[in-house]
Every structure is written in C-alpha cells, then in structure tokens.
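Mind the numbering: the sequence shown is residues 4 to 318 in this note's numbering, read in order.
Here is the structure we will look at, set down as structure tokens.
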Amino acid sequence: MTGTTDVLTVDHLVRRFGDLTAVDDVSFRIAPGETYGLLGPNGAGKTTIISMVAGLLKADGGTIHVAGEEMKPDAVEPKRHLGLVPQDLAIYPELTARENLRFFGKLHGLRGSALNTRVEEVLEIIGLADRAKDRSKEYSGGMKRRLNIGIGLLHQPQLLILDEPTVGVDPQSRNSILEAVESLAVAGMAVLYTTHYMEEAERLCDRIAIIDGGRLQAEGTRDELIRLTGGTDTIRLRGSGDLQGAATQMRGLTGVDRVDADRSSLTLAVHEAPARVADVVATATAAGVRLADVEIARPDLESVFLHVTGKALRD
C-alpha cells in the first residue's frame, strides 16, 4: 500500500517510443469522488498516460498505484479497481444494450439478482432504459458511447477512465454523456477524464492538468489555473458621447487596471468584473456616454493554455 487515501497516484511517469518521449515525468493524484481532467490537443500524450494507468502499456519510468496497488501490465489486483472506457467502441452490435451489459457483467463475476439489479441501475445512469431491448447497431453514435460508458461502470470501479468520450457525437448526446459523468463524481467514484474540449474540462473537472508535448504544464482547479494568467477580466462598453472623458474618470475606480478608449468603445481590464460593472456603467453614464452595449469577458482555460504553452489549444 502507498499509505494514501488517493484512488490513483502517478509518480514521475515516463514513456518513450524510440527517440520520441511521449510522456515526460508526469505526476498527479486523484481522490475519491474527484473528477480529474487531462486537457490537451491530440498528440499531447493523454492516451499514452491512460494506457499506462490502465495497465495496457508498460512505463519506461515512474510508478502508478490504483487503490494502493501498484499497476503494471501483468498486475491483476489493481485492474479490479478500475473501469476503462476507450475512444474505440467496445460493444457487440448484434446484442441489445441489456444483453451487452449482462455479458460484460458476467465477465466481472456478477451473477443472479446482483447482475440483474446492476444492469438496470446502469441503464438508468446512461439514459438507455427505454432503449434497452434494441440492438446496439441501431443506436446513434452518442447512444453507443453511453453504452460504452455503462460497460465500464458495471463492476462499480473505484476509478473510471474516460478517454475522449464525446468525440464525434451530436450536441444532445454529448450533453447526456456529460450529465452521466457528473453523476459519477456525486456518487463518490474517482474519474480520470481526457479531452481536448476546454468547455468539458471546465464543466466536469474538479482539477485539471494541462498536457502538451508529453509534459504536465500546469495543474489545479479552474480558478487556480486562471490566476496563472493574472486573472484580469475585460469589460467592454460600446456607445457614443465623451468616451475619453469617461475613460479618465474610470481610471480612478477600484479594481480597474487599465482603460482604453476609441471612437465607439471603452475597454477596461479589471479585477472581478461582475463586482465592478455597476460602478463602471454609472461612471460612463455620469460622464455623458450613451451606452449601446455592455460586455464582460472572463479568462478561460484557452487563455491559460496559451499562457503556459505559448500556443492556442487548437493549434
């Protein structure tokens, strides 16, 4: 045992493919009930990391422990504690959702009433109870993805690994998948979630690791990561009147770092924009500005990724 309550501990993980170091000294931990996100572009090393965490790929350096047991490709006990939902679908198209779940449940040792109960629970979690009797080949891409997640949940693992589970699905199915993932953390399951979608990481993850070039570039809660950029918000006012005069008065307001004015707008860099916007609007109005629009923009994970890596997430 590692002497920790964390479900997953990854310490100084390294993986090379020839001259390429795909994973370079990566360390992180996941606690029970925590959703931890690996956020990065395709090719960043996310899938290689989870392949080693799942015991599918041998590490060239470092250690992995799942529920206190050291994970290696030939290890058996730690694999009992995790569920893996890969990018590629792992379902039988000729079987119904219920039949798929029953088959995989038996592989995990479930039998009788325990198997029946768990299958029905999972069908509810993944939102397929009303389509349980339909063969999975008749499902949409999103429904197949949800069934894939259900298979990973069957044996109630302590750690569920989800590798880009919403790739290639429609918006409605994507939202259903995200809602299912949100319910898992509420139930106390630890989740390792890989994605290159910033909005998914922001919605789902308690803590986020930004991965690029095989290295962990930054880690923390959303707010902790945002603070790496300096944490300033933007308030943009559009209108007409004495914009230069308004800008001069706004520079003296609490929390305002900078004010720029042009012929039709004022742009302010401020701290905690929601708390400052009322004073900003009142000052503009008092200065004779006739406002047409007010916009608040707050830093996001795209800003953080650009700050720590020097490039946009989609580059």
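From the three backbone atoms N, C-alpha and C, an ideal C-beta is built for every residue, glycine too.
- For G217, DSSP records no beta bridge to any residue.
- Taken in chain order, the unbroken stretches of beta strand (DSSP E) that lie wholly in the segment 242-294 and span 3 residues or more are 259-264, 268-273.
- Nearest to A278 by C-alpha distance, out of V122, H310, T235, is T235.
- Going by DSSP, D226 is part of the alpha helix (DSSP H) stretching over 225-230.
- Scanning L219, G233, A315, R134 for the CA closest to the CA of E275 turns up G233.
- In its chain, beyond the 5 residues on either side, P35, G36 have a beta carbon closer than 8 Å to the beta carbon of G191.
- Around the Cβ of P96, a 10 Å sphere holds fewer than 16 other Cβ atoms; the residue is exposed.
- Contact between L195 and I164 holds, with the beta-carbon distance rounding to 5 Å and staying under 8 Å.
- Between Y200 and L42, the alpha-carbon positions lie close to 7 Å from each other.
- In the DSSP annotation of this structure, the continuous segment of the beta strand (DSSP E) that includes T38 starts and ends at 38-42.
- The closest CA to that of E167, considering only N151, L156, H158, is found on N151.
- Following the DSSP letters along the chain, one finds A25 inside the beta strand (DSSP E) bounded by residues 23-33.
- Nearest to T251 by C-alpha distance, out of G48, A287, G242, L207, is A287.
- Cβ neighbours of V184 within its own chain (closer than 6 Å, five residues either side excluded): L207.
- If you ignore the 5 residues before and after A221, its C-beta comes within less than 8 Å of the C-beta of A212, I213, L228, L231, V307, V311, all in its own chain and listed in chain order.
- Close CB contacts of A290 within its chain, under the 8 Å cut and outside five residues either way in sequence, are with G244, D245, G248, A249, Q252 (chain order).
- Here DSSP, grouped into helix, strand and coil, assigns D133 to helix.
- Annotated three-state conformation of H310 is helix, per DSSP.
- The alpha-carbon of G130 is positioned some 12 Å away from that of R101.
- By the neighbour-count criterion, in which 16 or more other beta carbons inside 10 Å mark a residue as buried, A93 falls on the exposed side.
- Of the candidates A272, G242, R241, A272 places its Cα closest to the Cα of R254.
- With a 10 Å radius around the Cβ and a threshold of 16 neighbouring Cβ atoms, Q175 comes out exposed.
- Rounded to whole angstroms, the gap between the alpha carbons of G216 and A295 is 45 Å.
- Within its own chain, the residues whose Cβ lies closer than 6 Å to the Cβ of E72, once the five positions on either side in sequence are excluded, are E80, P81, listed in chain order.
- The residue among S30, T224, A264 with its C-alpha nearest the C-alpha of E205 is T224.
- Judged by beta-carbon spacing, V172 lies beyond the 8 Å limit of R138, meaning their Cβ atoms are not closer than that value.
- The Cβ-Cβ distance between R32 and T12 falls below 8 Å.
- Per DSSP, R18 lies in no alpha helix (DSSP H); the unbroken beta strand (DSSP E) holding it starts and ends at 11-20.
- With a contact defined as Cβ atoms closer than 8 Å, V56 and M74 qualify at about 7 Å.
- In this structure, R18 sits near D63, with a CB-CB distance shorter than 8 Å.
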